[in-house]
Amino acid sequence: MSEHLAVISSKSQFDSLLKSSRIVVADFYADWCAPCTQIAPLYESLALTLSRPNVVTFAKINSDEQTELSQEYSVTSLPTFLVFRDGKEIDKVQGADPNKLKGIVQKLVTEVDSLGESFGSGSGGGANWKGAEAPRGYSDITDQIELRDLEVLNADEAAGGVRVLFEGSKPSGLGNGKGTSKDYVQSGADDQLLLYVPFQSIVKLHTLQLTSLPPKDDEDVMRPGNIHLYINRTHNLDFSEADDTEPTQAIEIGPEDWNADGTVNLPLRYVKFQKTSSLVIYVQQGEGDGETVRLDRVRLIGEAGAKREMGKLQKVGEDE
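Numbering-wise (UniProt numbering), the sequence shown opens with residue 1 and increments by one.
Here it is, written out as C-alpha cells:
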C-alpha cells in the first residue's frame, strides 16, 4: 500500500489523526468488496498527488477490522469515503463512484489552496504544486495514472523511486541548496530514461509538463534534451526497441524552454493523443555534455475519459 496512505489500526489512531491533520479523507473498505478494489487505484493516485503533511491526509480503514469506527460514522455500505475538516465530517460519498469522489476532492483542493502557507510547511510548500499553468480549457489529469504499473528503466537506485515523479508536493530541488530529499529520478549508466505510464481510463493528452532541477554545482547531471513519446503499449519498451520504433511524437527541448521553476510545457499533437491508454516517455538524450539526466516531476494535462476495467490495459490504435 502507498506510503502516502495512513492505514488505520485503531480508533485512537484515527482520533489522533483528526486532531493532527487539518483535512482528512477516509476510505472505509473491506478486502472482500469488489467495488472497493476497483476504486482503490484512483484513491491511491489522489493520495499521491494531494497529500500534504499535517494538512491533507488520506486514510484507509478496514471496516471489518475497525467495527467501532464504522458504527461511529454510520458506515452501512462499502466503499464509503468521508471527508473531515478540523475533526468534523463535512462530506460523504457512498459507493465506488469516481466522479463523486473526485468532486469532493476538488472541493478539498480549493480548501487547501485557501489555506496558503500558514498550515504545515512540510517539504512540499503546497498540496498540489504547479511548475507551470495548464493551457486554458484543459486540466491536470495526473491522477488518472495507474500507479501500480508504473515503471522506469535505467534509474539510479540512489535517487527516488518512480512514484516521486507524480507527487503533488513542491520539489525539494527548488529549496536552498541541493536538498536532502530524494524526490527525483536520475539515470544510472548514461543519460537515458524509459518511463512507462499506464492510465486508469482512456485519456486525451494535450500537454506534457516536465520539471528537472539538476544541482547548479554538478555539471554531470543534465535536464532532458530529446524526448520520444509512444502511446498505447501494454508494457514498457526496452532501449533498443525504443530506438527502432517510430515515436508517436519526438520533441527537442532547448535551454530557453525551461521556466524559472525548472519546468517545461511540451504541447502534444493532440489529434494523435485522443485515445491514450498508456504513455512511454523516452528521454533519449540529455541537454548538454553531462553523464546523467534528472527528472523531478511529471504532469499530464488533458481530458480524462471513460474508465477501463481496472488492471487491464485496453489497446487502441496508436495514431488514430
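Cβ atoms here follow ideal geometry from the backbone N, Cα and C, with glycine treated the same way. All figures in this text were calculated on a predicted structure; none of them were measured in a lab.
Problem - Inter-stretch contact at 8 Å, needing at least 3 Cβ pairs: the stretch 267 to 277 / the stretch 137 to 145 - result: No: the two stretches stay apart, fewer than three of their Cβ pairs being nearer than 8 Å.
Handout entry: Three-state secondary structure (DSSP) of T276
Key = strand
Exercise for the section: Could you tell me which of E303, L205 and G161 sits nearest to L266, measuring between CA atoms? Expected result: Nearest to L266 by alpha-carbon distance, out of E303, L205 and G161, is L205.
Problem - Beta-carbon gap between F58 and L46 smaller than 8 Å - result: yes
Problem - Where N232 sits in the DSSP three-state scheme - result: coil
Practice task
Work out the CA separation of T276 and E320 for me, nearest whole Å.
Solution key: Interpretation of E320 is limited by its pLDDT of 43, a score under 50 that renders its predicted location unreliable; no figure is taken from the coordinates.
Handout entry: Option nearest E241 by Cα separation, candidates L153, V105 and K216
Key = L153
Problem - R233 burial status per 10 Å Cβ neighbour count (16 or more: buried) - result: buried
Exercise for the section: Would you mind reading off the limits of the beta strand (DSSP E) that contains L193? Expected result: Residues L193 to T211.
Practice task
Leaving aside the five residues before and after P41 along the sequence, list all residues of the same chain whose C-beta is less than 7 Å from its C-beta, in chain order.
Solution key: E146, L147, R148, Q200 and M310
Problem - I253 - DSSP class collapsed to helix/strand/coil - result: coil
Practice task
Determine contact between the stretch 79 to 96 and the stretch 213 to 226, defined as no fewer than three beta-carbon pairs at a distance below 8 Å.
Solution key: no
Handout entry: Euclidean distance between Cα positions of A189 and D156
Key = Distance between the alpha carbons of A189 and D156: 8 Å.
Handout entry: Proximity winner among A132, E151, D289 and V203, relative to V264 (alpha-carbon distances)
Key = A132
Problem - Opening and closing residue of the beta strand (DSSP E) in which K170 lies - result: K170 -> no beta strand (DSSP E), and no H or E assigned at all.
Practice task
Can you give me the start and stop residues for the beta strand (DSSP E) that E89 sits inside?
Solution key: K88 to Q94
Exercise for the section: Compute the beta-carbon to beta-carbon distance between Y184 and V164, rounded to the nearest angstrom, for a pair I have assumed lies under 8 Å. Expected result: 6 Å
Practice task
Over the uninterrupted alpha helix (DSSP H) stretch that includes A47, give me the two end residues.
Solution key: Counting along the chain, the alpha helix (DSSP H) containing A47 begins and ends at A34 to L50.
Practice task
Starting from the C-beta of V105, find all residues in its chain whose C-beta is less than 6 Å away, skip the five residues before and the five after it, and write them out in chain order.
Solution key: Cβ contact annotation for V105 (same chain, cutoff 6 Å, sequence separation greater than five): L46, in chain order.
Problem - First through last residue of the alpha helix (DSSP H) which encompasses L300 - result: Unbroken run through L300 is the beta strand (DSSP E), R297 to E303; no alpha helix (DSSP H).
Handout entry: Cβ shell of A304 (< 7 Å), same chain only, five flanking positions each side left out
Key = I141, Q144, S201 and V203
Handout entry: Inter-residue CB distance, L193 and V293 (contact presumed, cutoff 8 Å)
Key = Between L193 and V293, the beta carbon gap of about 6 Å places them in contact (Cβ cut-off 8 Å).
Practice task
Could you tell me which of G302, P247 and N259 sits nearest to L208, measuring between CA atoms?
Solution key: G302
Exercise for the section: For the beta strand (DSSP E) containing D27, list its first residue and its last residue. Expected result: I23 to Y29
Problem - CA nearest to the CA of V56, picked from T80, P79, L18 and T76 - result: Nearest C-alpha to V56: L18.
Practice task
Report the rounded CA-to-CA distance for A6 versus K60, giving the unit in angstroms.
Solution key: 6 Å
Handout entry: Bounding residues of the alpha helix (DSSP H) (the contiguous stretch that carries L18)
Key = K11 to S20
Exercise for the section: Starting from L69, trace the alpha helix (DSSP H) both ways and give me its first and last residue. Expected result: T67 to E72
Practice task
Figure out for me which residue from Y29, F239, L300 and E44 has the closest Cα to the Cα of A210.
Solution key: Ala is not the amino acid found at residue 210; the sequence shown has Leu there. The shortest Cα separation from L210 among Y29, F239, L300 and E44 belongs to L300.
Practice task
For the alpha helix (DSSP H) holding A134, just list the boundary residues, first then last.
Solution key: First-last for A134: undefined, no H or E at that position.
Practice task
Figure out for me which residue from G175, E151 and S187 has the closest Cα to the Cα of A158.
Solution key: S187
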